[in-house]
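Asks: Let me give you the structure first, and then I'll get to my questions.
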């Protein structure tokens, strides 16, 4: 919970599009308000009447952002791009290594010593050891797809935390985040950093708007050089190429004035011929300003060339809240191996491309030697007189020679010495070096040493070898936590309309619907008696804002991890951990263990212990009732049957009077029998007599005719 004061007692305004109807997971009623023409978040509660793109907002009489601010932003963007040039060159080069085209990179760095037409063409093997390492790390990441779990910080927020835990996966799934997660892991493993953008897109859900999580290319985002935390950058630029004609359709008021690029964006080396002559560069500039109240506000302006398409500072409704209420850049960086002085890092290509290069160079020499040794060549003297055409034509049975002398001095085969086996060992050592460097040993790919055949042993070896992968995934979960916080803040700001979500997994074999809005997430005024506020001369009410903690759990999809869990379950069953009679010992053992789902196992054991206690109590009560009935039956028939209520062994014939009976005191059984006899009907009396055992029957079979 966050507590803060405001100068006025009015509840803070929440920006969001006004819509009609209820949102479901797959369908929403049409809204009478158009989407924002920028394709980016719009937070003004203003109807969009002009569908062609004219934003009917509330502009200021004197706009704060104009041509001067655009010129300064372009100058700052150019400086940011110059500071990022080395990173861009490395990213483009790493992409070539990933595509197994590193020989082109090596060739471009090496100056040719001979003209291309006379230069010898050597074999250029491109082994995929580096690619295999990246692929295995990507598979580990996808096996541990994250899922958010929202926890409350106060008891009053438990219901909202549970609801958010249910609807956040639905929102993320509607964004196709699984594909975004996979794509960004490729970027993270190749280049060292994956950039996520968490925006509000007013075009989603038929104009009502929803959260938009996108992957951002590192070549299209620019920050202040020298900073480590992206939130500390003075400006943040995100650029994108738009078709000029479509851009003019979206902004008809700027027709003929758009086009051109304020900077030259670094391009990858594509297989296709990419033509960008008919495209225009659109720049989204995010920046932070300090409000008079001391709060940091986030603003955004969008421009193309010198044409200002949108500026949040020019609209009055953003004065108190900024473009986004949370005041943070809507970008999260997920870094693999961090570097000093930059928010990005480096990936496995930078770590492993050196051993990969020498693996292929050694392979090149070995292949070249093999090709030379397998290709037969000869030394021939000029006076040999051999018909060269016939000599090279293996289909000709006869080769004519001029002269009578033909010996080894005039025609001799060129013998190529084979390479020693040590060079093959050196090649294998470089392969092993790359495997160790990338933590991509054989056991991670499914291979194990001789003698290991048990499935549990293989799974244990693989889990032990995945230590590096678990560390990378934990770092990714921290970034995922930041994204989840941004999603919650967008829900707090924009979910003014009630929306309906379909939640699966809670009802076995079915689903249920949950309605939710941001009503309970808004700032809530506290009573005047809170912390003695009523005694203050300038009374300013305090507001309570619900805040939450995020715990990320993995959706385990690894079959070997599942096998390990199955083995753990079987071992717990063998030691009797699921026996309700040994629940106390089992709970002590489980407290000392740690595995996924241990809380659910503890809960089941405790439920079994409780059920056993209830069954024991019921069994004891039934035994007492049976003893009472047996005592009553024996008294009515004049014989003792079953177990005596006092605990004596059963006797046949007339029962001996007990000490209590001799003393004239009634036992509990006799008292109960007397009380029951007083109210028993004649039919009940006969039924009770028939319920007693017949001591004259000596066989287990009934007498014929009875």
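Numbering (my numbering), first residue to last: -4 to 701. C-beta: ideal position from N, C-alpha, C; glycine also.
1. What did DSSP end up calling residue 616 once you bin it into helix, strand or coil?
2. Extract the residue ranges of the beta strand (DSSP E) inside the stretch 379 to 412, only unbroken runs of 3 or more that lie entirely within it.
3. If I measure Cβ to Cβ from residue 700 and keep anything under 6 Å in the same chain, skipping five residues before and after, which residues do I get?
4. Span of the alpha helix (DSSP H) holding residue 487?
5. Could you give the residue range of the beta strand (DSSP E) that holds residue 283?
6. CB residue 187 to CB residue 209, shorter than 8 Å?
7. Can you give me the Cβ contacts of residue 154 inside the same chain, cut-off strictly under 7 Å, excluding the 5 residues immediately before and after it?
8. According to DSSP, is residue 169 helix, strand or coil?
9. If you reduce the DSSP assignment to three classes, tell me which class residue 228 lands in.
10. Would you say residue 86 and residue 213 are within 8 Å of each other, going by their C-beta atoms?
11. DSSP has residue 194 in a bridge; who is on the other side?
12. Answer with buried or exposed for residue 420, where buried requires no fewer than 16 other C-beta atoms within 10 angstroms of its C-beta.
13. Could you spell out the range, first to last residue, of the alpha helix (DSSP H) harbouring residue 126?
14. What's the gap between the Cα of residue 364 and the Cα of residue 406?
15. From the DSSP output, in three-state form, read off residue 219 for me.
16. Looking at the structure shown, is residue 202 part of a helix, part of a strand, or coil, going by DSSP?
17. Check each candidate in 362, 289, 256 and 610 and name the one with the smallest Cα separation from residue 298.
18. Determine the DSSP secondary structure at residue 340, reduced to helix, strand or coil.
19. Checking the sheet assignment: what are the DSSP bridge partners for residue 294?
20. Comparing C-alpha positions only, which one of 565, 625 and 576 sits nearest to residue 601?
21. Compare the Cα-Cα distances from residue 367 to each of 340, 325, 410 and 393 and report the closest residue.
22. Can you tell me which of the three DSSP states residue 258 falls into?
23. Over what stretch of residues does the beta strand (DSSP E) that includes residue 87 continue unbroken?
24. Are there 16 or more other CB atoms within 10 angstroms of the CB of residue 151, so buried, or fewer, so exposed?
25. For residue 245, report the span of its alpha helix (DSSP H) as first-last.
26. Distance check for residue 391 and residue 84, CA to CA, integer angstroms please.
27. The beta strand (DSSP E) with residue 329 in it runs from where to where?
28. Since residue 202 and residue 195 should fall inside the 8 Å C-beta cutoff, what is the C-beta to C-beta distance between them, to a whole number of angstroms?
29. Report the residue from 382, 628 and 597 whose alpha carbon sits nearest the alpha carbon of residue 579.
30. Thinking C-alpha only, which one of 218, 332 and 306 is nearest residue 324?
31. Is there contact here, the stretch 173 to 184 with the stretch 328 to 347, by at least three beta-carbon pairs under 8 Å?
32. Please state the DSSP three-state secondary structure of residue 316.
33. Classify residue 27 as helix, strand or coil using the three-state DSSP reduction.
34. Determine the direct distance from the alpha carbon of residue 287 to that of residue 3, and round the result to whole angstroms.
35. Report the rounded CA-to-CA distance for residue 273 versus residue 76, giving the unit in angstroms.
Replies: To lay it out plainly:
1. Helix.
2. With a minimum length of 3 residues, the continuous beta strand (DSSP E) runs that stay inside the stretch 379 to 412 are 406 to 409.
3. The pLDDT assigned to residue 700 is 45, lower than 50, so where the model puts this residue is not dependable; a value taken from the coordinates is nonetheless given after this. If we look at residue 700 and ignore the five residues flanking it on each side, it has no Cβ neighbours.
4. Where residue 487 is concerned, the enclosing alpha helix (DSSP H) stretches over 462 to 489.
5. Going by DSSP, residue 283 is part of the beta strand (DSSP E) stretching over 274 to 285.
6. Taking 8 Å as the Cβ cut-off, residue 187 and residue 209 do not qualify as a contacting pair.
7. Counting only Cβ-Cβ distances below 7 Å, and skipping sequence neighbours, we find nothing.
8. In the displayed model, residue 169 falls within a helix according to three-state DSSP.
9. DSSP places residue 228 in coil when its eight states are reduced to three.
10. The answer is yes: Cβ separation under 8 Å.
11. For residue 194, the beta-bridge partners assigned by DSSP are 207.
12. Exposed is the call here.
13. Residues 124 to 138.
14. The alpha-carbon separation between residue 364 and residue 406 amounts to approximately 23 Å.
15. Coil.
16. Residue 202: helix per DSSP, three-state reduction.
17. Residue nearest to residue 298 within the set 362, 289, 256 and 610 is 256 (criterion: CA-CA distance).
18. When DSSP states are grouped into helix, strand and coil, residue 340 belongs to the strand group.
19. Paired residue(s): 282.
20. Here the closest residue by C-alpha is 576.
21. If we check each option's Cα against that of residue 367, 410 comes out closest.
22. Coil.
23. Following the DSSP letters along the chain, one finds residue 87 in no beta strand (DSSP E) but inside the alpha helix (DSSP H) bounded by residues 80 to 93.
24. It counts as exposed.
25. From DSSP, the alpha helix (DSSP H) with residue 245 extends over 239 to 245.
26. C-alpha separation (whole angstroms): 56 Å.
27. For residue 329, the uninterrupted beta strand (DSSP E) segment begins and ends at 326 to 330.
28. Rounded, the Cβ-Cβ distance is 13 Å, inconsistent with contact.
29. The candidate whose alpha carbon is nearest that of residue 579 is 597.
30. It is 218.
31. Three or more pairs of CB atoms, one per stretch, sit closer than 8 Å, so the stretch 173 to 184 contacts the stretch 328 to 347.
32. Judged by DSSP in its simplified three-state form, residue 316 adopts coil rather than helix or strand.
33. Unreliable positioning characterises residue 27 in this predicted model, as indicated by a pLDDT of 29, which lies under 50. A coordinate reading is not provided.
34. Residue confidence is low: residue 3 scores 44 on pLDDT, short of 50, so the model does not pin down where it sits. Its coordinate-derived value is still stated next. Between the alpha carbons of residue 3 and residue 287 lies a distance of about 15 Å.
35. The straight-line gap from Cα to Cα measures roughly 23 Å.
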